[in-house]
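Written out below as structure tokens is the structure these notes cover.
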Amino acid sequence: GAGVSQSPSNKVTEKGKDVELRCDPISGHTALYWYRQSLGQGLEFLIYFQGNSAPDKSGLPSDRFSAERTGGSVSTLTIQRTQQEDSAVYLCASSLEGAAGSNQPQHFGDGTRLSIL
Amino acid sequence: GQNIDQPTEMTATEGAIVQINCTYQTSGFNGLFWYQQHAGEAPTFLSYNVLDGLEEKGRFSSFLSRSKGYSYLLLKELQMKDSASYLCAVNDYKLSFGAGTTVTVRA
């Protein structure tokens, strides 16, 4: 009945490796967002999916970052050739709709804590 | 660009009132959200303002002045469990977040 589910909850990997983070949004939510939260910092927008529209990738920090959303539901965020500065908590959120002006709150998952050694 | 400012830390006594201010300068505005985030947990929705004025929800109230680019979150009858980070976020289809205000409630 669940809320937004993210996996893994923690990931430790070596610099240079690729990682995949998964997000399972609340059933029926058409909008899905990825954010990054570094220690002591606010949430940084990464990417936004709305229904079948092309995603808004304006927040992705580099071309090492990519995301996809299959079947309008589950999303994966992939970071290639990880760097130490990629260490952060990656949060996924979903909402009923994502159109500008919507008052639908975004519901967050517990995040994936990524540590790059 | 987006510029959202809120104080870094606030401390208050159990039972007291605390007001967390948020000022913003953003390229778009379609409402302002407040979220609560306990350490190591996901942010949870508290309130949403799109029109000027005060929205009250139990012990929590939120105020918005669009002309001043200003909002505040008011926490009344503080409880120890209210110790958390409070995030101000401006909605322009995606959320732009402030860095958060860490509130510590002392007995």
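Residue numbers (the numbering used here), protein chains in the order written: chain A, 1 to 117; chain G, 1 to 107. Every residue, glycine too, gets a C-beta built ideally from N, C-alpha and C.
Query: Cα-Cα separation between Tyr35 (chain A) and Ala12 (chain G), rounded to whole angstroms; Result: 30 Å
Query: Cβ separation of Val4 (chain A) and Phe108 (chain A), assumed to be a contact under 8 Å, to the nearest whole Å; Result: 6 Å
Query: Whole runs of the beta strand (DSSP E) within the segment 19 to 88 of chain G, excluding any shorter than 3 residues; Result: 32 to 37, 44 to 49, 53 to 57, 60 to 65 and 70 to 75
Query: Spatial distance of Ser61 (chain G) from Arg81 (chain A) (CA atoms); Result: 45 Å
Query: Paired residues, beta bridge with Glu44 (chain A) - DSSP; Result: A:Arg36
Query: Within 8 Å, strictly: CB atoms of Leu91 (chain A) and Gly111 (chain A); Result: yes
Query: Segment contact, 8 Å Cβ cut-off, at least three pairs: the segment 52 to 72 of chain G with the segment 17 to 33 of chain A; Result: no
Query: Buried versus exposed call for Arg69 (chain A) [16 or more other C-beta atoms within 10 Å across all chains shown]; Result: buried
Query: Sequence ranges, beta strand (DSSP E) only - wholly within the segment 45 to 108 of chain A, length at least 3; Result: 65 to 69, 75 to 79 and 88 to 95
Query: Counted within 10 angstroms of its Cβ, other Cβ atoms place Ser62 (chain A) as buried (16 or more) or exposed; Result: exposed
Query: Residue span of the beta strand (DSSP E) that contains Ala12 (chain G), given as start and end; Result: Glu9 to Thr13
Query: N-terminal and C-terminal residue of the beta strand (DSSP E) that Thr112 (chain A) is part of; Result: Thr112 to Ile116
Query: Amino acids of chain A, ordered along the chain, whose beta-carbon sits closer than 8 Å to that of Phe63 (chain G); Result: Near Phe63 (chain G) there are no residues of chain A at all, since even the closest Cβ is about 16 Å away, more than 8 Å.
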